[in-house]
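Taking our numbering, I'd label the letters of the sequence shown as residues 40 to 586. A short write-up of the structure that comes next.
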Amino acid sequence: MLKEDWFLGLDLSTQSLTAMVVSPESGATRQLSIHFDQGYPGYGTHGGVPPSYDPLRVHVDPLMWVEALDDTLSLLRREGLTGRIAAVAVSAQQHGTVYLNHLAETALAGLNPANALAPGIAGIFSRKSCPIWMDSSTGRECNEITAALGGNAAVTRLTGSAATERFAGPQIRKFHKEEPEAYSRTAHIALISSFVTSLLAGCFAPVDAGDGFGTNLADIRSGTWSQAAMGAAAPGLHQRLPRLTVRDERIGRVSPYMAERFGFRPETEVVVGSGDNPCSLAGLGLIGNPNLHAVSLGTSDTCFGYMAQIPDVERTEGHIFGTADGHAMFLICFKNGSLARERVKDGFGLGWEGFSRILMETSPGNRGRVMLPYFMPEITPRVLKAGVRRFGGLAAADAAGNVRAVAEAQAMAIYLHCAWVGKRPGRILVTAGGSENRGLLTVLADVFEAEVQTMEVKESAALGAALRAAHAWLNAHGPPAGWDELCGAVVKTGAGRIVKPSAEASRRYHAPNGLLAVYKACERFALGVGPDPDEKIKAFRETFPAA
Ligand code: XUL
40 MLKEDWFLGL DLSTQSLTAM VVSPESGATR QLSIHFDQGY PGYGTHGGVP
90 PSYDPLRVHV DPLMWVEALD DTLSLLRREG LTGRIAAVAV SAQQHGTVYL
140 NHLAETALAG LNPANALAPG IAGIFSRKSC PIWMDSSTGR ECNEITAALG
190 GNAAVTRLTG SAATERFAGP QIRKFHKEEP EAYSRTAHIA LISSFVTSLL
240 AGCFAPVDAG DGFGTNLADI RSGTWSQAAM GAAAPGLHQR LPRLTVRDER
290 IGRVSPYMAE RFGFRPETEV VVGSGDNPCS LAGLGLIGNP NLHAVSLGTS
340 DTCFGYMAQI PDVERTEGHI FGTADGHAMF LICFKNGSLA RERVKDGFGL
390 GWEGFSRILM ETSPGNRGRV MLPYFMPEIT PRVLKAGVRR FGGLAAADAA
440 GNVRAVAEAQ AMAIYLHCAW VGKRPGRILV TAGGSENRGL LTVLADVFEA
490 EVQTMEVKES AALGAALRAA HAWLNAHGPP AGWDELCGAV VKTGAGRIVK
540 PSAEASRRYH APNGLLAVYK ACERFALGVG PDPDEKIKAF RETFPAA
């Protein structure tokens with residue numbers, strides 16, 4: 040390895056594109072981000088998505104992402120960084136699908152470096168927009184796929200998840216049913232991670248198991264696309280899907296277009312892309328370590344962790360994806376993450392400091408008042424009709440009550456819906472934007488009865504992509520590096536902060552009449568499967584009269 044062998048991770052998330060350059064030699068990192076709302080106002084996005092006439096339908100114009108990629112690589116070139124990159128890997132928001140026509144393959148290989156990326160590829164799409172992970176419009180298709188594959192338990196066992204609205208299988212099925220002519224013009228269906236990787240490599244890129252298992256199309260035990268699952272989704276799907284890899288691999292070099300236009304060395308290698316959550320797993324140093332779990336407080340809130348093998352548990356929610364080293368990870372995802380926190384913060388004219396201060400000053404348990412923060416349709420639990428519910432006399436105008444209620448709700452939902460994973464770790468790593476908020480960290484620590492720890496680098500997905508590029512490249516060209524060693528060089532765990540739980544606060548959540556029991560009852564009531572939670576709220580207030 041030369042001193043100038045640096046590695047690039049590109050994370051195309053819901054709201055921004057982040058580039059992270061790392062040097063495993065010195066441990067140095069350099070990052071820059073472009074936000075879609077501010078950078079590309081012509082697309083009219085708010086929080087990275089355009090307004091929609093149907094709250095269940097969330098589609099994005101892929102040309103906005105392409106413009107952002109062009110601008111990001113131009114910035115990196117201007118900083119003199121692209122010429123030092125030995126390998127690059129992409130991280131992307133998971134599940135979104137990109138539909139390409141028969142012109143795509145030739146166009147990707149033959150772009151003219153004198154021209155910008157977006158106009159060069161504008162003609163390669165067979166569908167103008169891409170459904171992304173926030174889309175919940177495929178309920179009917181999920182039911183059809185479930186019936187075709189023999190029920191929920193069978194789909195979950197085969198593909199790692201029950202049929203899930205935002206996943207590629209149901210999305211492709213809906214597209215095929217509603218626009219059969221456009222489907223027949225579709226030569227290739229990429230996930231967002233493989234699409235961006237294809238732009239870098241100048242050819243159709245494979246999809247990895249981290250992202251590919253989040254489709255309802257793969258057999259997670261054999262690590263291949265499942266004939267039965269593809270057949271249940273749409274005809275002729277196999278020839279339209281990318282190749283599936285079960286562990287990280289180098290897939291080729293950057294295209295001549297990339298080298299010439301952005302100043303990469305022609306020998307710069309491209310490593311298979313992955314989803315943002317599997318990349319975060321790598322960026323947090325969790326590959327190979329099943330004893331720590333992570334919570335990501337980003338646009339989506341997610342909880343995930345490494346598993347040495349695929350578990351055989353009965354469950355109705357959560358997902359199993361593959362990892363960079365060919366093993367497995369669990370994941371549970373909530374749509375009402377940072378955008379829900381923002382709605383409450385902005386609604387009361389607060390800044391993040393004020394939001395955090397309220398959490399530090401108010402009483403854990405919120406005197407038995409609970410919010411179900413479904414500002415948007417929710418993924419976990421499945422709630423298709425948006426609408427915030429308040430219980431225990433929580434007034435909509437009460438700033439402090441609502442700030443605490445939204446933070447407690449999110450932490451309790453993560454805690455309760457991860458129960459199927461089994462063993463709870465004593466420490467949780469927290470990443471993404473929300474990990475800068477001391478109040479949120481304190482609520483998480485108390486609800487999880489565990490220490491929470493943050494990292495110096497908050498963009499763990501971009502960092503993870505860079506580490507995946509480094510890992511694959513170093514193991515091919517030397518000196519070989521294990522995940523531990525690589526993460527040790529770059530991931531500075533000690534540089535973050537540690538928040539310990541308070542025993543008294545934790546008791547208010549975990550006692551038999553604690554707030555977790557209240558929250559569970561509110562959720563069951565709202566879903567129409569349980570009685571009014573009033574009795575539980577009364578019991579909480581009797582047990583904790585001072586709370
Ligand atoms: C995970 C999920 C989201 C997206 C967006 O299943 O849908 O976390 O990856 O970040």
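No residue lacks a Cβ here, since even glycine has one placed at the ideal position from N, Cα and C. Quantities reported herein were computed from a predicted structural model and do not represent experimental measurements.
Buried versus exposed, by CB contacts within 10 Å (16 or more), residue i
i, result
"residue 137", "buried"
"residue 130", "buried"
"residue 517", "exposed"
"residue 217", "exposed"
"residue 175", "buried"
"residue 141", "exposed"
"residue 584", "exposed"
"residue 575", "buried"
"residue 581", "exposed"
"residue 348", "exposed"
"residue 77", "exposed"
"residue 524", "exposed"
"residue 537", "exposed"
"residue 352", "exposed"
"residue 417", "buried"
"residue 265", "buried"
"residue 485", "buried"
"residue 423", "exposed"
"residue 566", "exposed"
"residue 68", "buried"
"residue 179", "exposed"
"residue 241", "buried"
"residue 123", "buried"
Rounded distance between the beta-carbons of residue j and residue i, thought under 8 Å
i, j, result
"residue 8", "residue 66", "With the chain covering only 40 through 586, there is no way to say anything about residue 8."
"residue 133", "residue 172", "6 Å"
"residue 135", "residue 231", "4 Å"
"residue 268", "residue 198", "6 Å"
"residue 561", "residue 430", "5 Å"
"residue 468", "residue 370", "About 14 Å; that fails the 8 Å criterion."
"residue 271", "residue 359", "So it is not a contact: roughly 19 Å between Cβ atoms."
"residue 362", "residue 317", "6 Å"
"residue 511", "residue 288", "7 Å"
Residue range of the unbroken beta strand (DSSP E) whose run includes residue i
i, result
"residue 292", "289–292"
"residue 334", "332–336"
"residue 74", "67–74"
"residue 259", "It is not in any beta strand (DSSP E) - residue 259 carries neither H nor E in the DSSP assignment."
"residue 314", "308–314"
"residue 229", "227–230"
"residue 265", "Residue 265 -> no beta strand (DSSP E), and no H or E assigned at all."
"residue 409", "409–411"
"residue 406", "Careful: residue 406 lies outside any beta strand (DSSP E) and carries neither H nor E."
"residue 58", "55–62"
"residue 485", "Looking at the DSSP string, residue 485 is not in any beta strand (DSSP E); the run it does join, the alpha helix (DSSP H), is 477–487."
"residue 50", "45–51"
"residue 466", "466–470"
"residue 430", "428–430"
"residue 491", "490–493"
Enclosing alpha helix (DSSP H) for residue i [first to last residue]
i, result
"residue 454", "438–456"
"residue 105", "101–117"
"residue 342", "Per DSSP, residue 342 belongs to no alpha helix (DSSP H); it is in the beta strand (DSSP E), 340–346."
"residue 521", "Unbroken run through residue 521: none, as it is neither H nor E."
"residue 417", "Run containing residue 417: none; DSSP gives neither H nor E here."
"residue 168", "No alpha helix (DSSP H) holds residue 168; DSSP gives it neither H nor E."
"residue 214", "207–217"
"residue 297", "295–301"
"residue 250", "248–251"
"residue 512", "499–516"
"residue 543", "542–549"
"residue 557", "554–565"
"residue 577", "573–582"
List in chain order the residues whose CB is within less than 5 Å of at least one heavy atom of the ligand XUL.
132, 133, 172, 315, 339, 341 and 372
Would you list, in sequence order, the uninterrupted beta strand (DSSP E) runs of no fewer than 3 residues that lie entirely inside the segment 131–198?
136–139
Jot down the residue ranges of each uninterrupted alpha helix (DSSP H) in the segment 341–403, minimum 4 residues, whole runs only, in chain order.
377–386 and 391–400
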